[in-house]
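In what follows, a structure is listed as structure tokens, so that the remarks can point back to it.
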Amino acid sequence: MIDDETTAGHIQELRRGTVVLACLVRLRQPDYGYALLESLNSLGIIVDANTLYPLLRRLEKQGLLVSEWNTEEARPRKFYRTSPAGEALAEVLTTDWRRIDDALARLTTGDDR
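Counting from 1 along the sequence shown, just add 31 to a position and that's the residue number in the numbering used here.
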């Protein structure tokens with residue numbers, strides 16, 4: 032039997048790349064960090080705030096997201112959206128995700144031809 036720590040580590044590793052793709056796809060419509068966090072979690076893509084906010088900053092630094100501050104409300108919020116470069120990467124990652132998903136489906140059903 033695999034211990035819980037080992038399982039948790041592998042699950043975290045598996046999710047790491049999927050969170051990047053999920054953010055790029057979800058932020059095709061601009062949103063702020065907390066709303067994105069809630070949206071992803073409600074979809075079953077579990078991500079911690081301490082993981083998401085540094086990821087958003089990194090993706091922005093890489094030119095995959097752009098941001099702007101909305102100061103019209105009582106509380107200013109930084110809104111992120113996917114840049115054209117982020118959109119291109121999302122397409123590549125989605126294609127590869129589908130290829131991997133298909134391969135894993137064939138492996139798990141025994142149809143690994």
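Here a beta-carbon is modelled for each residue, glycine too, at the ideal position from N, C-alpha and C.
Are the beta-carbon atoms belonging to residue i and residue j less than 8 Å from one another?
i             : j                 : result
arginine 112  : valine 97         : yes
arginine 59   : serine 70         : no
leucine 52    : tryptophan 128    : yes
leucine 120   : leucine 138       : no
glutamate 99  : phenylalanine 110 : yes
isoleucine 76 : threonine 49      : yes
If I'm right that residue i touches residue j with Cβ under 8 Å, what's the distance once you round it to whole angstroms?
i           : j          : result
glycine 117 : leucine 87 : About 11 Å separates the two Cβ atoms, so there is no contact after all.
Looking only at DSSP bridge pairs, what is residue i linked to?
i             : result
threonine 113 : Leu96
arginine 108  : Asn101
tyrosine 63   : Phe110
Enumerate in chain order the residues of its own chain whose CB-to-CB distance from residue i is below 6 Å, with the five nearest sequence positions on each side excluded.
i          : result
proline 61 : Phe110, Arg112
Suppose the cutoff is 7 Å on Cβ atoms and the five residues either side in sequence are ignored; what does the same chain contact list for residue i look like?
i            : result
aspartate 35 : none
Closer than 7 Å to a non-hydrogen atom of the ligand GTP - does that hold for the CB of residue i?
i          : result
glycine 94 : Summarising the ligand content, the structure contains no ligands, and the ligand GTP is consequently not present.
For the stretch 35-80, list the alpha helix (DSSP H) runs that are entirely contained and at least 4 residues long, ordered along the chain. Note on the stretch 35-80: whole alpha helix (DSSP H) runs with a minimum of 4 residues are 35-57, 64-73, in chain order.
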